[in-house]
Structure formats: structure tokens, C-alpha cells
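Peer 1: One structure follows; several queries about it will come next.
2 protein chains.
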Amino acid sequence: MSYAYQQIAEEIEAQIMRGDLLPGDQLPGEAELASKFGVTRSTLREGLRQLESGGFVHRPSPRRLEVTVPQADQLSTRAARAMSLMNVTFRELWEVTMVTEPLAARLASVQGTEDEISQLQQTHSALVSAEGQMERTIDLDEQFHTQIADMGRNRVLGLAREPVVLLLFRGFSQIAPFAPKFYKRQIEAHSNVLGALRDRDADRAEKWTRMHIDDFWRGAQIAGLEDAFALAQRSVTP
Amino acid sequence: MSYAYQQIAEEIEAQIMRGDLLPGDQLPGEAELASKFGVTRSTLREGLRQLESGGFVHRPSPRRLEVTVPQADQLSTRAARAMSLMNVTFRELWEVTMVTEPLAARLASVQGTEDEISQLQQTHSALVSAEGQMERTIDLDEQFHTQIADMGRNRVLGLAREPVVLLLFRGFSQIAPFAPKFYKRQIEAHSNVLGALRDRDADRAEKWTRMHIDDFWRGAQIAGLEDAFALAQRSVTP
DNA sequence: TAGCGCGTTAGTGTCCGACACTAGCGCAGA
DNA sequence: TCTGCGCTAGTGTCGGACACTAACGCGCTA
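Protein sequences, first through last, are from chains B and D. Each residue of the first sequence is one higher than the one before, starting from 1 at the first, in our numbering. Each residue of the second sequence is one higher than the one before, starting from 1001 at the first, in our numbering.
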């Protein structure tokens, strides 16, 4: 509140929240902004960095600074890292996932398009043929669930569940060695969820999802992970 | 990735995630850091601003820069503003709240201490005596639910629900004028939830919470808010 | 006339040096 | 030993500078 760079960031953020600046709007050059706020470019730039990392502005090209809506994946990554630093346990993650994913499935069964369902089928097929490959299985599992969440047309659910699921499913890498048959059970569960979605059967989709997540939990118990800390390791994205 | 200030922020953040830097650790002075990274103070400071706004470092005193875990309320505020900018609807918020709050109540009935229950009672009493005062009712309502969520000892749930509930309950200000009797119904519902928690009755606590949120939704329907956008207005915190 | 290539220019990322202000340390005095 | 004061180091801000390049406009050519 007291420092100039902070005031600048807050002021511009407030203008965005108020609607004075709309996503897509281009901001003036740094020199102009600096003189408008009565500070040096160095100071102004510190404020801009803060806004940038908050996701309120970004540079589509080096010469263009424009207002944006914070991106979902940026928020998810931040949240996941924060949770990891807070040493949240798999139990905490699981308890939440037990309510978000069944909801996602229910919504998807109502809102999902045929197109999305066949895309989901493709992801599922890829998962089937990845049996035994841990890293790939984790990625595809996460993708399967995220696709379902997207089908539900609920961005709030998307934001709330993404970091949680991200951290939880990473735990599969610690479960798989203890229970190799989990690959098969996972495939079977996904297959049942997919079928329910195809039939537009909300209750069945929800029920199978719940059982699926519950099964995951049994795996975590076998691996002794219940109260272990979940780690956010950045997966290599080449 | 390419700019120096960004590399610095990423490098330090990585050290924190990796555990090379632990929360509470003090960082060297800016001059020393700058020379360590081979950049000027100005450039280094831009990186620090980015870390600061990400919640990874903070200044307890102007002379001390230390590593921190991102604070929950900071993340919630960011998420709430992002959701608001994404023009999320009350329907989306409600659908998620319908699963988070009942879960919170269930966990609270198991994990909550007697002390916390009596604190909750106090919040409830304050709500009763605030009947008719909209702003105060909204604040106390949010506090009541947040206290329950905290009782559940699940930080993931806390992070996931906070921004959602924050935005949703603000909508009460648009419902109240249409349905003045909602004050009474809210008080009654809270009272029932409180009773269930006192009896450690998880099912009843969950059920009443669900009904309570559902009731809220009926109010939103009466006010025609179902697909209206939820706004994140910063409440004045003096 | 329309399309293309090239030079110019404005704007960004980074650097350098400087100064006021103050938190926190050490030292001197009681 | 405790208290008060000056000093120092470190932060926030300033002003100016320079290399590099994206974007614009201009003229040239077909």
C-alpha cells in the first residue's frame, strides 16, 4: 500500500476489476505510463511485473502490453505449488476429489456433446494401450478426468478441482509399484464412466466415478500414503 | 523463460519448491543477490516483485526478505478476482458449493473441537442479532461457513471452496430485497447445522447444509440470478 | 495499382550510478 | 548492566544510457 510500485499495481488492477480496462485493451508504453503515475520507468516496471505474475496483463508480443483474464492453468499451477508447500496430505486431496469428480461426471453427462464424448473415447483408448507405462498413464488419467470436467461447462469446478487432481493423481506413481493390477482396474472404471456418459446416465456416471476415486484411495492405503505429503513436481513439457 | 528477471524468479522459486530454500529462511541483500545472478539491482528487483506477488517471499520488516508459503487468503482473493473476470455465473458457483459445503460440514462434525463449536455458536448468535442488516449478514454468513470448513482440518477444501463461497454469498445482497424472509430461513438452517455438529451427527450436518445451500439457490432463482455474473467487489477492510 | 523489400524508429530489456531515508547495530555514558 | 545516541548498511526511488528488435511507412517493382 505504501510503496509506489505497489500502488501502481493495485491501481491498474482496480481499473481492470472495475471494468475501466477490458481484457484485450492495449496499455500505453512504459514511458507514458511512468509519467502518468509520476514515477520512473524502473519503478513502474516493478509494478508491471507484479501485475504480469498476477495474470492481469501479458505481452503477446514484446511490443504490446495488453490486459488479460488470468489463465486457468496459471492459477492451477500456483495453487498446486502452494498446496505442496503447505504439506497437504493425500487424505486431504482425496476427500475433496471424492466430491469434485463425481460432480464433474454428473454435469458432463448432461452437458457433454457427442463430439466431446468421442474425444474422450480416444483418450481412453490411448490409456488402454499405455497399460504398464506409469508416466503416460498418469498424464492420460489426468487428461481423461479434465476432459470430463470441461464437458460439464463449469469453469468454477474446473478451477477448483484442477490443482487438487493434479497433485492427487501424481501419487499414482507411488501406488503402481505396490499394486500392478491397478492399471486394469483403472481402465475398467474409466470404461464404465465412459459408457454411462454415452448413455447420458447421470447417476451411473456419478456412481462409477465415485467408485473409481474410492478405489484409488484403497491403493493409496496399500502404499501407506494416506497421511503422506503430496509433491508438486513440474513435469517436463518439451 | 528468456528474460533475465524471469529466470531469476523461476530459479529462486525452483529452489523453494526443491526445498533448497525453506520457509523462514532469510535471503541475502539485493546487492549480493544481484551479483550472484550477474545482473543489476533493477533487474533483480523485477524478479523479486514477481516472487513477492506469487507469495513465495515477503518482507516481515523492510530490511528482511524471507521465504514464505503462499498464504491461503492471498490465493483465494486472486482466484475470486479471476473468476469474476471470467464472468462466471451464480449457477456455476452454486453447483460447486453444493458439494463443498456439505463435505465441510461432514468433516467438521468429526474433526471439530468443542471449543470451535462454541465459537461457531457465537458467530451464529451474532448473525441472529444482525437480522435485516445485509452487509453484516453476508460477512457473518461467510464466517460461519468458513469456520465450519476450518473445523474439518482439510486445507485443500479450504483453498478450493473459499473463492467460490466468497463470490456466491455476495449474491445475497441481490437476493435479500426480493425475499426478506430469507434472513429467517438462513438463521434456522444455520441453527440446525450447528445442532447437528454439536451432536456429532455427520449425516444430519451434511443434509442440513445441503438444504441450506439449496435454499439459497431458490432465492437466486426468485431474484433471477441463475445465469447472472458474479462480481468480486473488494470489501472494505479498515 | 498492388505487392514486396528495406530502412527508420519507437519501445523494451538491461545496465550504471546516485541519493534519501530508516531499521538495526554498536558504542558510549549513566 | 541498562539506556540513549550516532552510524552503517540496505531499500525504495530516481535519472540517464545503450543495444536490440518489432512494427511502421516508404519507395521500388511488376
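Glycine included, each C-beta is placed from N, C-alpha and C at the ideal position.
Can you give me the C-alpha to C-alpha distance between G132 (chain B) and P180 (chain B), rounded to a whole angstrom?
Peer 2: 8 Å
Peer 1: Does the distance from the CB of E162 (chain B) to the CB of S76 (chain B) come in under 7 Å?
Peer 2: yes
Peer 1: In the DSSP assignment, find the unbroken beta strand (DSSP E) run with V1057 (chain D) in it and report its ends.
Peer 2: V1057 to S1061
Peer 1: Applying the criterion that 16 or more other CB atoms from any shown protein chain within 10 Å of the CB defines a buried residue, is L1022 (chain D) buried or exposed?
Peer 2: exposed
Peer 1: Using a cut-off of 8 Å between C-beta atoms, extract the partners of Q1050 (chain D) located in chain B.
Peer 2: R49, Q50, E52 and S53
Peer 1: Is the CB-CB distance between A14 (chain B) and A105 (chain B) below 7 Å?
Peer 2: It is not a contact, given that the beta carbons lie outside the stated cut-off.
Peer 1: Would the segment 148 to 159 of chain B and the segment 96 to 113 of chain B be scored as touching if the rule is three or more Cβ pairs under 8 Å?
Peer 2: yes
Peer 1: Measuring CB atoms only, is the segment 1057 to 1072 of chain D touching the segment 1107 to 1124 of chain D, in the sense that at least three cross pairs come out at less than 8 Å?
Peer 2: The answer is no - the segment 1107 to 1124 of chain D does not touch the segment 1057 to 1072 of chain D, with fewer than three Cβ pairs under 8 Å.
Peer 1: Which of helix, strand or coil does DSSP assign to F1037 (chain D)?
Peer 2: helix
Peer 1: Identify the contact partners of A179 (chain B) in chain D, using a Cβ-Cβ distance below 9 Å as the criterion.
Peer 2: Here the premise fails: no neighbours, minimum Cβ distance about 24 Å.
Peer 1: Residue ranges of each beta strand (DSSP E) run of no fewer than 3 residues wholly in the segment 63 to 104 of chain B, ordered along the chain?
Peer 2: With a minimum length of 3 residues, the continuous beta strand (DSSP E) runs that stay inside the segment 63 to 104 of chain B are 64 to 67.
Peer 1: Do A1108 (chain D) and M1151 (chain D) have their beta-carbon atoms positioned less than 7 Å apart in this structure?
Peer 2: yes
Peer 1: Do we get a CB-CB distance below 7 Å when we pair A1245 (chain D) with the residues of chain B?
Peer 2: Within the shown structure, residues of chain D are numbered from 1001 to 1238, placing residue 1245 (chain D) beyond reach of any answer.
Peer 1: Would G1019 (chain D) be called buried (16 or more neighbouring beta carbons within 10 Å of its own) or exposed?
Peer 2: Its Cβ having fewer than 16 others within 10 Å, G1019 (chain D) is exposed.
Peer 1: Using the Cβ count rule (16 or more neighbours within 10 Å means buried), how would you classify K1147 (chain D)?
Peer 2: Position check: residue 1147 (chain D) holds Gln in this sequence, whereas Lys was assumed. Counting Cβ neighbours within 10 Å, Q1147 (chain D) comes out buried, since at least 16 surround it.
Peer 1: Is the beta carbon of T1137 (chain D) less than 7 Å from the beta carbon of A1130 (chain D)?
Peer 2: If you check the CB distance, T1137 (chain D) and A1130 (chain D) come in under 7 Å.
Peer 1: In chain B, which residues lie with their C-beta within 7 Å of the C-beta of P964 (chain D)?
Peer 2: Because chain D is modelled from 1001 through 1238, residue 964 (chain D) falls outside the range shown and cannot be assessed.
Peer 1: Across which residues does DSSP place Q221 (chain B) in a beta bridge pair?
Peer 2: BP columns for Q221 (chain B) are empty, so no partner.
Peer 1: Run through DSSP, which three-state label would A229 (chain B) get?
Peer 2: Reading the sequence as shown, one finds Phe at residue 229 (chain B) and not Ala. Here F229 (chain B) sits in strand by DSSP.
Peer 1: At the level of alpha carbons, what is the spacing between Y3 (chain B) and E30 (chain B)?
Peer 2: Answer to the nearest angstrom: the Cα atoms are 18 Å apart.
Peer 1: Mind checking Q1050 (chain D): buried by the 16 CB within 10 Å criterion, or exposed?
Peer 2: Q1050 (chain D) should be labelled buried.
Peer 1: Once DSSP output is grouped into helix, strand and coil, what is the label at Q1174 (chain D)?
Peer 2: Looking at Q1174 (chain D) - three-state DSSP - the assignment turns out to be helix.
Peer 1: According to DSSP, is Q1050 (chain D) part of a helix, a strand, or is it coil?
Peer 2: helix
Peer 1: Which word fits Q71 (chain B), buried or exposed, when buried means at least 16 other C-beta atoms lie within 10 angstroms of its C-beta?
Peer 2: exposed
Peer 1: Specify the secondary structure class of M17 (chain B) as computed by DSSP and reduced to three states.
Peer 2: helix
Peer 1: What do you get for G24 (chain B), buried or exposed, if any count of 16 or more other CB atoms within 10 angstroms of its CB means buried?
Peer 2: Classification of G24 (chain B): exposed, given that the 10 Å Cβ count is below 16.
Peer 1: Taking the alpha-carbon positions, what's the Q143 (chain B) to E1011 (chain D) distance?
Peer 2: 28 Å
Peer 1: Buried or exposed: R1218 (chain D), going by 16 or more other Cβ atoms within 10 Å of its Cβ?
Peer 2: When all chains shown are included, R1218 (chain D) counts as exposed.
Peer 1: What first and last residue would you give for the alpha helix (DSSP H) that runs through K1184 (chain D)?
Peer 2: F1182 to R1198
Peer 1: In whole angstroms, what is the alpha-carbon distance linking V88 (chain B) and M1017 (chain D)?
Peer 2: 14 Å
Peer 1: The segment 22 to 44 of chain B: which residues have C-beta closer than 9 Å to a C-beta of chain D, in chain order?
Peer 2: P23 and S42
Peer 1: Does any CB atom of chain D fall closer than 7 Å to the CB of V165 (chain B)?
Peer 2: Answer no: the Cβ-Cβ gap between V165 (chain B) and chain D never drops below 7 Å.
Peer 1: Is E1206 (chain D) close to chain B, meaning its C-beta is less than 7 Å from at least one C-beta of that chain?
Peer 2: no
Peer 1: Could you name the residues of chain D that E101 (chain B) contacts, counting a contact when the two beta carbons are closer than 9 Å?
Peer 2: Result: empty, since nearest Cβ-Cβ is about 10 Å, beyond 9 Å.
Peer 1: Is DSSP giving Q1133 (chain D) helix, strand or coil here?
Peer 2: The answer is coil: DSSP assigns Q1133 (chain D) none of H, G, I, E or B.
Peer 1: For V1236 (chain D), decide whether its Cβ has a neighbour in chain B, counting only Cβ atoms nearer than 7 Å.
Peer 2: Note that V1236 (chain D) scores a pLDDT of 35, beneath 50, so its modelled location is shaky and nothing firm can be said.
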